[in-house]
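In the numbering used here, the protein residues as written are 21 to 609. Virtual Cβ for every residue (Gly too), placed ideally from N, Cα, C.
Below, the structure written as structure tokens:
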């Protein structure tokens with residue numbers, strides 16, 4: 021069966037993050053600013069302020085001439101509106117812009133970026149590192165004697181940004197041994213140098229770089245062998261986020277980690293790193309008001325790691341991520357984060373990570389141990405923005421292995437009253453209603469036969485003259501009518517197509533049926549089948565309701581048959597589900 025949560029799961033995924041500009045972004049981490057005789061920078065050249073030397077370096081300003089000082093002359097016989105034909109800049113500014121454009125064109129042809137350039141840049145880079153290290157060792161207490169070499173090293177690091185526009189040269193860069201040197205700069209005594217190295221690594225590994233898989237893999241493999249993850253994590257401890265430069269450095273380091281996590285093979289290695297997970301959890305817990313971009317980013321990486329694989333989810337569970345994340349979401353039992361801000365995304369990331377972790381048996385065990393069921397029920401009762409994500413978390417907790425224990429805990433914790441109250445009152449929130457169907461279905465599937473918890477659950481559907489059962493059947497009517505209408509439209513489309521075109525459209529049609537309530541009809545009819553199989557009074561009530569629509573139990577049986585045919589019997593969990601559906605169909609004979 022197609023799992024909708026898997027189809028549409030995102031870390032609730034979003035595009036690449038961008039650093040918020042706390043000040044003029046041109047002041048933060050500028051890329052290499054190269055003169056006309058130097059090579060091309062990856063980014064446009066920007067100067068903070070044009071001082072006297074800067075002006076001297078450009079073209080000589082033209083003589084003062086008021087007549088020419090406001091752009092081109094107005095065309096003859098034009099009134100004041102002719103000003104709109106002007107360029108909006110002075111003649112001097114226009115000439116300077118022409119000069120800058122020409123300088124870019126000249127520099128583009130001044131040096132070829134090829135293997136020879138890489139060797140030259142690598143040699144310069146290694147020389148700058150060596151010279152700076154030697155001078156720092158000799159004049160440790162006299163910074164004025166090594167500060168110039170530090171500036172040269174800074175420039176050499178930034179020169180490497182050009183490689184991001186020539187990723188085919190990554191293998192050459194790796195073979196020259198520069199990756200180890202670049203990663204090693206993360207331990208440099210000057211944190212500004214370390215941050216520069218982090219930013220360049222981020223540029224080289226960014227998703228916007230048009231690198232082939234082989235070239236990107238070769239670079240990233242070399243970085244991982246150079247122990248980049250440990251170097252990044254150890255660097256966090258010496259960066260003070262109260263300082264704007266250091267705070268931006270942490271942001272760029274998190275960006276590098278996101279780049280490394282973008283490929284599953286790397287993600288399993290990076291996402292299983294204990295020191296990284298512990299730091300991310302610690303960063304997510306740091307008290308801040310309002311929630312900062314870096315705190316939110318840390319939870320985003322936890323979300324990405326949780327989405328990666330069974331291996332990383334088990335690792336998170338092992339390192340008590342469930343307990344930490346539950347403590348953090350508990351802050352939203354009664355209060356909401358600011359809508360549209362960093363805190364709202366922070367809360368979503370916490371829930372998304374939890375949802376993934378509880379899909380694993382280890383995660384479910386930790387979830388039960390940390391009283392996650394009780395917290396979810398409180399949020400369903402008292403929460404606002406936290407209501408839907410806590411409902412989603414509860415749905416995932418009652419599916420798969422160990423679900424019996426989770427279902428039992430829901431009943432023991434008084435969850436039936438909360439869930440059925442929601443079921444009775446919810447009318448407009450389709451997503452909440454559909455998740456309630458999933459929970460009811462799991463309760464009836466996983467609660468042990470003849471257990472007190474199962475009997476209490478069945479009793480909820482039959483109490484007050486089958487009030488809840490009638491409500492459930494009303495929902496069936498609503499969703500079935502939506503689905504029938506979609507099926508009619510699909511049939512019309514099919515009749516106008518060739519067999520080949522119809523076959524190509526099957527996937528699209530299936531998604532349309534899901535949108536129009538297919539899974540909800542399946543879930544409702546499974547619940548009805550359980551009730552009919554276990555309670556004679558409920559069976560008579562269901563038959564009466566079906567008869568009002570000109571149907572009988574065969575209609576429910578047909579739904580279960582369709583559900584069963586959609587399952588992939590190669591999957592163990594689907595095989596078990598198929599056996600259950602077959603048993604229910606036998607009861608409905």
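Are the beta-carbon atoms belonging to residue i and residue j less than 8 Å from one another?
i	j	result
residue 410	residue 420	no
residue 455	residue 415	yes
residue 405	residue 352	yes
residue 503	residue 536	yes
residue 3	residue 383	Lying outside 21 to 609, the shown extent of the chain, residue 3 is not represented and no answer is given.
residue 442	residue 477	no
residue 139	residue 196	yes
residue 141	residue 179	yes
residue 237	residue 188	no
residue 202	residue 182	no
residue 558	residue 532	no
residue 389	residue 431	no
residue 364	residue 312	no
residue 261	residue 210	no
residue 256	residue 198	no
residue 341	residue 377	yes
residue 489	residue 551	yes
residue 289	residue 244	yes
residue 339	residue 303	no
Check the C-beta distance from residue i over to residue j and give it rounded, since I have them as a contact under 8 Å.
i	j	result
residue 366	residue 316	4 Å
residue 226	residue 287	The Cβ separation is near 16 Å, so there is no contact.
residue 265	residue 212	7 Å
residue 160	residue 200	About 24 Å; that fails the 8 Å criterion.
residue 325	residue 269	Not a contact, Cβ separation roughly 21 Å.
residue 328	residue 359	That belief does not hold up - the Cβ atoms of residue 328 and residue 359 are roughly 29 Å apart, past 8 Å.
residue 177	residue 205	7 Å
residue 452	residue 408	6 Å
Tell me which same chain residues have a C-beta within less than 7 Å of the C-beta of residue i, skipping the five on either side of it?
i	result
residue 540	454, 457, 499
residue 605	577, 580, 581
residue 385	422
residue 295	250, 253
residue 597	587
residue 522	514
residue 459	414, 415, 418, 439
residue 231	187, 190
residue 601	580, 583, 584
residue 350	395
residue 554	478
residue 543	457, 458, 461
residue 143	none
residue 380	330, 333, 334, 337
So, for residue i: in the same chain, excluding its five sequence neighbours on each side, which residues have a beta-carbon less than 6 Å away from its beta-carbon?
i	result
residue 374	345, 413
residue 369	319, 320, 323
residue 356	404, 405
residue 273	218, 252
residue 607	553
residue 509	none
residue 259	266, 269, 270
residue 281	287, 290, 324
Can you have a look at residue i and say buried or exposed, based on whether 16 or more other CB atoms are within 10 angstroms of its CB?
i	result
residue 147	exposed
residue 520	exposed
residue 486	buried
residue 354	exposed
residue 217	buried
residue 556	exposed
residue 219	buried
residue 444	exposed
residue 631	Outside the modelled stretch of the chain, which goes from 21 to 609, sits residue 631, for which no answer is possible.
residue 524	exposed
residue 549	buried
residue 165	exposed
residue 72	In this prediction, residue 72 scores a pLDDT of 40, lower than 50, which makes its location untrustworthy; the coordinate-derived value is nonetheless stated afterwards. The residue in question, residue 72, is exposed, as its Cβ has fewer than 16 Cβ neighbours within 10 Å.
residue 590	exposed
Kindly list the residues whose CB is nearer than 8 Å to the CB of residue i, restricted to its own chain and excluding five residues on each side of it in sequence; keep chain order.
i	result
residue 572	563, 566
residue 292	331, 332, 335
residue 424	466, 467, 468
residue 497	569
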